Each structure stands twice: as structure tokens, then as C-alpha cells.
Amino acid sequence: MTHKDTPLLDAIVRIDRLPATGRAIAVAPDEAARQKLADALKLSAVEAFSADLVVVPLRGGIRAQGRLTARIVQPSVVTFEPVSQDIDEPIDRVFLPEGHSHKPAPGAEIFVDLEDDDFPDHIDGPEVDLSALLIETLALAIDPYPRQPGESLDSLGLAPDDADAGPFASLKKLKPGPEKA
């Protein structure tokens with residue numbers, strides 16, 4: 001296994017060694033792993049990260065349920081000052097071997113119920129690496145436009161005063177109006 005194949009988090013579950021009652025998994029990476037995670041997600045820092053999961057066997061695969069909590073720091077989109085965000089996300093995902101999914105015949109219609117739960121993830125082999133699930137859950141919970149409370153372009157005095165000060169104001173003057181038509 002090369003360095004690139006090494007997962008950022010230690011959350012591997014062997015399906016063939018999973019008890020029928022399931023198993024609890026706690027993931028709490030050290031500071032070096034949290035820094036690698038911050039670098040991978042383009043964050044300033046991941047100050048805290050923990051995930052508590054219960055993994056139970058399900059139809060030849062597994063079901064992972066639990067909660068992920070984290071505290072991240074990223075730059076504000078307005079002032080580039082550090083902004084902290086607390087994340088608390090539920091996790092509920094099913095992983096099934098590919099043979100359990102129904103493959104439609106070529107040319108057959110496929111009906112998708114948008115109100116239904118997510119489709120199960122497919123697994124190959126006797127183990128499932130839940131680190132990708134944890135990283136995905138964290139990445140989807142991150143605020144894409146972080147800023148401090150009350151922070152805006154108006155508070156910096158950068159908002160244009162009139163409507164004709166935008167980047168397309170010069171082009172708007174060239175457009176023939178009703179009087180020129």
C-alpha cells in the first residue's frame with residue numbers, strides 16, 4: 001500500500017469479523033491526521049473531530065449509523081479572517097455487495113423514487129473503509145461562504161452606491177435602448 005492509498009482516518013470494518021449484534025466504532029484522529037484532513041479539504045484547521053458509529057451486519061453488507069462532530073476553521077469570504085464552525089451531523093449509510101443490487105435489462109425503464117432513502121453504496125471484498133464516508137459527511141456540512149456575524153461588503157464600505165457601478169455598467173451604455181430602436 002502506497003502513501004497515497006493510506007486513508008486519512010482509521011475506520012476500516014471487516015464484514016466477515018463483524019458480530020451479529022454489531023460493533024461500536026469511535027474515530028478521533030490525532031493532530032497530524034486532523035491537519036492532513038484540513039489540507040485535503042482546503043481548510044485552515046480542523047481543531048476537533050470525532051465520530052461515534054454503530055456498525056451492524058445487513059443483507060451481506062453493513063449499516064453504519066452514528067454522529068460526527070467537528071470544529072473547523074476557515075477564512076471568511078469577506079475579510080479573510082478566521083471563522084470557526086461547529087459541525088454536528090447524523091450518519092446513516094448502507095453498504096451492500098454489488099450482487100444485491102438489481103441491474104435492469106438494457107432498454108428497460110428505471111423508476112427512481114426521489115422521496116426514498118439514499119441508494120446503498122457498493123462494496124467489493126470483505127472490508128469497508130468508512131473514512132471516505134466520514135470525510136464526505138464533514139465536507140458536505142462545511143459552510144461554503146463562511147463569515148463572521150454581521151460581516152458584509154457593506155460593513156467594509158465596498159458596496160457600490162449606485163446601480164451603474166458594476167462590471168457591466170459600461171456594456172449597458174452600449175446597448176441600444178427603447179429610444180434608439
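By full-length UniProt numbering, the letter at position 59 of the sequence shown is numbered 59, and the numbering carries on one by one without gaps. We put the CB at the ideal spot given by N, CA and C, even for glycine. It should be emphasised that the depicted structure is a prediction, and the values quoted were computed from it without experimental measurement.
Tell me whether residue i is buried or exposed, calling it buried when 16 or more other Cβ atoms sit within 10 Å of its Cβ.
i: Arg34; result: buried
i: Phe49; result: buried
i: Ser44; result: exposed
i: Ser131; result: buried
i: Pro149; result: exposed
i: Leu138; result: buried
i: Ala28; result: exposed
i: Leu53; result: buried
i: Ala64; result: buried
i: Ala51; result: buried
Can you tell me the Cβ-Cβ gap for residue i and residue j, rounded? I've got them flagged as a contact below 8 Å.
i: Val128; j: Val13; result: 5 Å
i: Arg93; j: Leu133; result: 6 Å
i: Gly61; j: Phe95; result: 5 Å
i: Leu8; j: Ala40; result: 6 Å
Do residue j and residue i have their beta-carbon atoms positioned less than 8 Å apart in this structure?
i: Val77; j: Ser84; result: no
i: Ile25; j: Ala11; result: yes
i: Ile15; j: Pro126; result: yes
i: Ile91; j: Ala141; result: no
i: Glu151; j: Thr79; result: yes
Kindly list the residues whose CB is nearer than 7 Å to the CB of residue i, restricted to its own chain and excluding five residues on each side of it in sequence; keep chain order.
i: Lys42; result: none
i: Pro146; result: Gln74, Ser76, Val77, Val83 and Gln85
i: Val46; result: Arg34, Leu37, Ala38, Ala70 and Ile72
i: Leu18; result: Val55, Pro57 and Ile62
Excluding sequence positions up to five away, which residues of its chain have a Cβ less than 6 Å from the Cβ of residue i?
i: Asp121; result: Phe95
i: Glu89; result: Leu68, Thr137 and Ala141
i: Arg23; result: Val55
i: Pro144; result: none
i: Phe119; result: none
What residues in its chain sit with their C-beta under 8 Å from that of residue i, if we drop five residues either side in the sequence?
i: Glu81; result: Pro75 and Gln148
i: Ile135; result: Leu8, Leu9, Leu37, Ala40 and Leu41
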